[in-house]
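Only one structure is covered here, and it is reproduced in the block below.
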Amino acid sequence: MAAATSAEAEAPNQTFDTILLLDFGSQTSHLILRCLRSLNIYAEMLPCTTKIADLTWKPKGVILSGGPASVYDEVAPHADPAVFDLGVPILGICYGCQEIAWRANSANVAAGEAREYGHADVTIKKVEGADHVNKLFQGLGEEMHVYMSHFDKLVKLPEGFTILASTPNSEFAGIAHETKPVFGVQFHPEVEHTPRGVELFKNFAVDICGARQHWVMSDFIQHEIQRIRKLVGPKAQVIGAVSGGVDSTVAARLMTEAIGDRFHAVLVDNGVMRLNECQQVKETLEKHLGINLTVIDGADLFLSRLKGLTEPEAKRKVIGSTFIDLFEEEAIRIEKAAENTPNAGKVEYFLQGTLYPDVIESLSFKGPSATIKTHHNVGGLPARMMNGQGLKLIEPLRELFKDEVREFGRQLGIHEDLVMRHPFPGPGIAIRIIGEVTPERVAIARKADHIFISMIREAGIYNEMSQAYAGLDTNRAVGVMGDARVYGYIIILRAVTTTNFMTAEPYEFKFDLLKKIARRIVNEVDGVARVTYDITSKPPGTIELE
Ligand code: XMP
Numbered sequence: 001m002a003a004a005t006s007a008e009a010e011a012p013n014q015t016f017d018t019i020l021l022l023d024f025g026s027q028t029s030h031l032i033l034r035c036l037r038s039l040n041i042y043a044e045m046l047p048c049t050t051k052i053a054d055l056t057w058k059p060k061g062v063i064l065s066g067g068p069a070s071v072y073d074e075v076a077p078h079a080d081p082a083v084f085d086l087g088v089p090i091l092g093i094c095y096g097c098q099e100i101a102w103r104a105n106s107a108n109v110a111a112g113e114a115r116e117y118g119h120a121d122v123t124i125k126k127v128e129g130a131d132h133v134n135k136l137f138q139g140l141g142e143e144m145h146v147y148m149s150h151f152d153k154l155v156k157l158p159e160g161f162t163i164l165a166s167t168p169n170s171e172f173a174g175i176a177h178e179t180k181p182v183f184g185v186q187f188h189p190e191v192e193h194t195p196r197g198v199e200l201f202k203n204f205a206v207d208i209c210g211a212r213q214h215w216v217m218s219d220f221i222q223h224e225i226q227r228i229r230k231l232v233g234p235k236a237q238v239i240g241a242v243s244g245g246v247d248s249t250v251a252a253r254l255m256t257e258a259i260g261d262r263f264h265a266v267l268v269d270n271g272v273m274r275l276n277e278c279q280q281v282k283e284t285l286e287k288h289l290g291i292n293l294t295v296i297d298g299a300d301l302f303l304s305r306l307k308g309l310t311e312p313e314a315k316r317k318v319i320g321s322t323f324i325d326l327f328e329e330e331a332i333r334i335e336k337a338a339e340n341t342p343n344a345g346k347v348e349y350f351l352q353g354t355l356y357p358d359v360i361e362s363l364s365f366k367g368p369s370a371t372i373k374t375h376h377n378v379g380g381l382p383a384r385m386m387n388g389q390g391l392k393l394i395e396p397l398r399e400l401f402k403d404e405v406r407e408f409g410r411q412l413g414i415h416e417d418l419v420m421r422h423p424f425p426g427p428g429i430a431i432r433i434i435g436e437v438t439p440e441r442v443a444i445a446r447k448a449d450h451i452f453i454s455m456i457r458e459a460g461i462y463n464e465m466s467q468a469y470a471g472l473d474t475n476r477a478v479g480v481m482g483d484a485r486v487y488g489y490i491i492i493l494r495a496v497t498t499t500n501f502m503t504a505e506p507y508e509f510k511f512d513l514l515k516k517i518a519r520r521i522v523n524e525v526d527g528v529a530r531v532t533y534d535i536t537s538k539p540p541g542t543i544e545l546e
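Residue numbers (the UniProt record's numbering): 1 to 546.
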C-alpha cells in the first residue's frame with residue numbers, strides 16, 4: 001500500500017474502524033453509508049474502479065454496492081480483483097452480489113432474466129452447523145420484508161456458496177461462501193422499504209467484520225482538533241469565508257477551537273443579504289462563539305457592479321468575482337498584519353466547508369464517465385486563491401453529512417436556531433429578484449422575506465420546511481389600496497421540503513396562514529401590489545428563482 005501523506009495520516013479512516021463501500025453507481029449507494037453511520041460505524045465510499053494498492057488504509061470490511069449496469073456490458077464496471085485478496089469480509093448488494101457470482105463464473109448470472117422491482121418477502125434459511133454464515137441474517141427471523149430492484153439475476157449458485165435467503169422469484173436472494181467471509185444479497189437493505197435492513201448491516205459490519213461502533217461525534221471533534229493542530233503547525237494562519245450558515249459557522253468554530261486567533265474568518269457584506277443579517281452573524285460569531293472575525297462592507301461595490309445586469313448567470317459571476325476581489329485583499333492585509341506579530345506565520349491554508357455529499361458526488365462512479373458536480377460555492381474562490389497565493393485547502397467537514405454537521409455544531413455549543421437554519425445561497429437576494437437588482441428592490445424583497453420567515457417561525461413550522469424565502473418579480477401589477485390605484489411589484493413566496501435539494505416539493509401551508517402572510521406583506525411593504533405562492537416542484541422548477 002502507498003504511504004500516507006501528512007494530511008491523510010490523520011484521516012478518520014486511520015483512527016476509526018472503517019468499512020469501505022465500493023460504488024458501482026447505484027442511486028442508493030450513499031444510503032449504505034448512512035445506515036452504517038447511523039450504527040456509529042465509520043464508512044467511506046470510493047469508486048468501484050479504485051485500485052486496492054492505492055489505498056492508504058485497511059478497511060475492516062468491503063461492501064460492493066448496486067449499480068445500473070449489467071455485469072455483461074462491454075463497459076461494465078468491475079472491482080479490482082485484489083479486493084478479494086484483502087482478507088476482510090465482503091458483502092455484495094444487487095449488482096455487487098452479481099459481481100461476486102460473475103467473478104466466480106460468468107455463467108452464474110443471467111442478463112435481463114428476472115426484472116423485479118418492488119416489495120418481496122425473502123425466506124431466510126438457516127444453514128445447519130454453519131454459524132459463521134448464518135450471522136448475516138441472525139436475529140431477523142424466518143422471513144424478511146425487502147425491496148428488490150434488479151434486471152439481471154443469479155441463475156446458478158456460485159461454486160463453494162450456500163443459500164441464505166430466497167424468494168419465489170430469486171432463489172439466490174441471499175448467499176454466502178461456505179468457508180470465506182463473502183456474502184451477497186440480491187435486494188437492497190439500505191432503502192427504507194427494507195425496514196430491517198440496518199440490522200443486516202449491523203450483522204455484517206459488527207459481527208462479521210468486527211468493526212467497533214465508535215464513530216461518535218465527540219470523539220470525531222477531538223480527533224479533528226488534533227488533526228488540524230498537527231496539520232497547520234504552531235505558526236501558520238488560516239483564512240476562511242463565513243456566511244452565517246451552519247456549515248461555515250461549524251467549520252469556523254472548530255478552527256477557532258483548534259488554533260484560536262490564527263484562524264481568520266471573513267464575512268463579506270455583499271449588499272444582498274437578509275434583513276439585519278450581517279449584524280446578527282457578527283454578533284453570533286464574535287460574541288457567542290469567540291471567532292476572530294473581520295466584516296468587509298462591500299454592499300455599495302456589489303450593488304454598483306450589479307447595476308444594469310438582468311441575466312442570472314451574469315449576476316452570479318459579478319457577485320462571485322467581486323467577492324474574490326474583496327476576499328483576496330483581506331487575505332493580503334491579514335498576512336501583512338501578521339508579519340509584525342512574534343508568534344504568527346504566513347497564511348497557508350484556506351478553510352472550506354465542503355460536506356460529504358459533495359465529495360461523494362465527485363467520487364461516485366456513474367457509468368464510464370464520472371459526473372462532476374458544478375459546485376454552487378462562491379465561483380472560483382479556491383482555485384484563484386490557491387493557485388495565485390499557493391494556499392492549501394483545509395476541509396474539516398468533508399467526511400460529514402449535513403445532519404452530522406448539525407450534531408457537530410450542537411456539540412461545539414452552537415445555538416439550535418443556527419444549527420437548524422435553512423441554507424442561504426452565496427448570491428443571496430440577487431438570485432431571488434427576477435431581473436435587475438437595485439437597492440430599492442433589495443429593500444422590498446428583504447422586508448417581505450423578513451415578514452414571511454418571522455410568521456413561519458411564529459407558526460412553529462420553520463423546521464418542517466427545508467428552505468423558504470420571499471422573492472420579487474420586477475414586473476409590476478395593479479392593485480387597489482384604500483381608494484387609490486397602486487402599481488407595484490409582485491412578491492413570490494417559496495417554501496420547499498427536500499432531503500437532498502436535488503428534488504423538492506412545495507410546502508403545504510394552511511391556506512389561512514398564507515392569506516395572513518400575504519395581507520401583512522402588502523400592508524407593510526411599500527411598493528408591493530401582489531403576493532403569490534410558488535407551487536412548482538423541483539424539477540421542473542428550481543428552488544431559487546434564478
Ligand atoms: P436550486 O435553485 O438550484 O438550489 O434548486 C438548490 C440549492 O442550492 C442553493 N443555491 C446556491 N447556493 N450559490 C450558493 O451558495 C448559488 O449560486 C446557489 N444557487 C442555488 C439553493 O439556495 C438551494 O439550497
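Think of the CB as a built atom: it goes at the ideal place given N, C-alpha and C, for glycine as much as any other residue.
Since the structure is predicted, the reported quantities are computational estimates derived from the model, not experimental observations.
Top-ranked residue by Cα proximity to residue i, from the options
i       : options                               : result
Gly-345 : Thr-532, Phe-263 and Arg-520          : Phe-263
Glu-190 : Ile-451, Leu-64, Arg-494 and Val-525  : Leu-64
Asp-85  : Thr-194, Phe-511 and Lys-58           : Lys-58
Asp-17  : Glu-74, Val-88 and His-78             : Val-88
Gly-482 : Asn-523, Asp-54, Ala-470 and Ile-414  : Asn-523
Arg-305 : Arg-410, Ile-296, Leu-39 and Ile-319  : Ile-319
Pro-81  : Val-133, Thr-56 and Lys-51            : Lys-51
Asp-534 : Gly-527, Tyr-507 and Lys-515          : Tyr-507
His-39  : Ile-239, Arg-196, Leu-46 and Gln-411  : The sequence given here has Leu at residue 39, not His. Nearest option by C-alpha distance: Arg-196.
Lys-392 : Glu-199, Asp-297 and Leu-351          : Leu-351
Arg-229 : Asp-261, Gly-244, Ser-243 and Ile-208 : Asp-261
Glu-546 : Leu-309, Glu-395 and Val-83           : Leu-309
Lys-235 : Glu-339, Val-83, Asp-417 and Ile-394  : Glu-339
Local conformation of residue i per DSSP, three classes
i           : result
Pro-439     : helix
His-132     : helix
Met-45      : strand
Gly-367     : Residue placement at Gly-367 is poorly supported in this model, since its pLDDT is 42, which falls under 50; the coordinates still yield a value, given next. Correct three-state label for Gly-367: coil.
Asp-54      : helix
Glu-8       : Only weak support exists for where Glu-8 lies, its pLDDT of 49 falling under 50; the coordinates are left without a value.
Leu-22      : strand
Thr-430     : Checking the sequence shown, residue 430 turns out to be Ala, not Thr. Residue state, collapsed to three classes: helix.
Pro-506     : strand
Asn-523     : helix
residue 548 : Lying outside 1 to 546, the shown extent of the chain, residue 548 is not represented and no answer is given.
Glu-348     : strand
Arg-421     : coil
residue 548 : Any answer about residue 548 is impossible in this case: the structure gives the chain only from 1 up to 546.
Ile-124     : strand
Ala-459     : coil
Ala-529     : strand
Residue j beta carbon less than 8 Å from that of residue i
i           : j       : result
Ile-490     : Ala-477 : yes
Glu-116     : Met-148 : yes
Phe-424     : Pro-357 : no
Asn-276     : Phe-302 : no
Val-272     : Gly-428 : yes
Ile-451     : Arg-494 : no
Val-266     : Ala-241 : yes
Leu-514     : Ile-492 : no
Glu-99      : Val-62  : no
residue 560 : Pro-68  : Outside the shown range of the chain, which is 1 to 546, sits residue 560, and nothing can be said about it.
Cys-48      : Pro-12  : no
Arg-227     : Leu-412 : no
Ile-334     : Ile-394 : no
Neighbourhood of residue i by C-beta distance below 6 Å, restricted to the same chain and skipping five residues each side
i       : result
Pro-158 : Ala-101, Ala-104 and Asn-108
Ala-43  : Ile-19, Leu-21, Leu-33 and Leu-36
Ala-529 : Ala-477, Gly-479, Val-486 and Gly-488
Gly-174 : Leu-164, Ala-165 and Val-185
His-30  : Ile-360
Ala-120 : Val-146, Met-148 and Thr-167
Ala-518 : Val-531
Short CB-CB distance (under 8 Å) between residue i and chain C
i       : result
Gly-428 : The structure shown contains no chain C, having only a single protein chain.
Cβ shell of residue i (< 8 Å), same chain only, five flanking positions each side left out
i       : result
Thr-498 : Ser-466, Gln-467, Ala-504, Glu-505, Lys-538 and Ile-543
Ile-225 : Leu-254, Glu-257 and Ala-258
Gly-460 : none
Cβ-based neighbour list, residue i, same chain, cut-off 7 Å, excluding 5 preceding and 5 following
i       : result
Val-405 : Val-246, Asp-247, Val-250, Leu-355 and Leu-397
Arg-446 : Arg-274, Leu-275 and Ile-429
Exercise. Are three or more beta carbon pairs between the segment 317-334 and the segment 196-215 nearer than 8 Å?
Worked result: They do not touch, by the three-pair rule.
Exercise. Is the segment 198-208 touching the segment 128-148 in the sense that three or more CB pairs, one from each, lie closer than 8 Å?
Worked result: The segment 128-148, when compared against the segment 198-208, does touch it at the 8 Å Cβ threshold.
Exercise. Taking three-plus beta-carbon pairs below 8 Å as touching, is the segment 219-230 in contact with the segment 390-409?
Worked result: yes
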